[in-house]
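Asker: This structure is in structure tokens; I'll ask about it shortly.
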Ligand code: SF4
């Protein structure tokens, strides 16, 4: 099933007009996990490996999460 992702980060490589994310896959995780895994890479294979390494990362506030597929245009 396709998921529609709305995103306002307009300088991202995957951003498109009307605030649409056009990436095939995105990685959302806790900020702390991202800091612990600075080797993060945007390609799908790296993301799958990374997701396995990170595991589950519960958070308590929205500010503690973000999209780590972001790449500057
Ligand atoms: S990859 Fe992330 S930051 Fe970039 S457009 Fe998609 S949701 Fe937004």
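In the working numbering, the protein residues as written are 2 to 74. Think of the CB as a built atom: it goes at the ideal place given N, C-alpha and C, for glycine as much as any other residue. Computed from a predicted structure; not experimentally measured.
If you follow the beta strand (DSSP E) that residue 31 is part of, which residue opens it and which one closes it?
Answerer: From DSSP, the beta strand (DSSP E) with residue 31 extends over 29-31.
Asker: To the nearest angstrom, how far is it from the Cα of residue 56 to the Cα of residue 18?
Answerer: Those two C-alpha atoms are separated by around 33 Å.
Asker: How far does the beta strand (DSSP E) with residue 24 in it reach, from first residue to last?
Answerer: Where residue 24 is concerned, there is no enclosing beta strand (DSSP E), given that its DSSP letter is neither H nor E.
Asker: Rounded to a whole number of angstroms, what is the C-alpha to C-alpha distance between residue 54 and residue 33?
Answerer: Cα-Cα distance, rounded: 14 Å.
Asker: So, with DSSP's three-state summary, where would you put residue 11?
Answerer: Correct three-state label for residue 11: coil.
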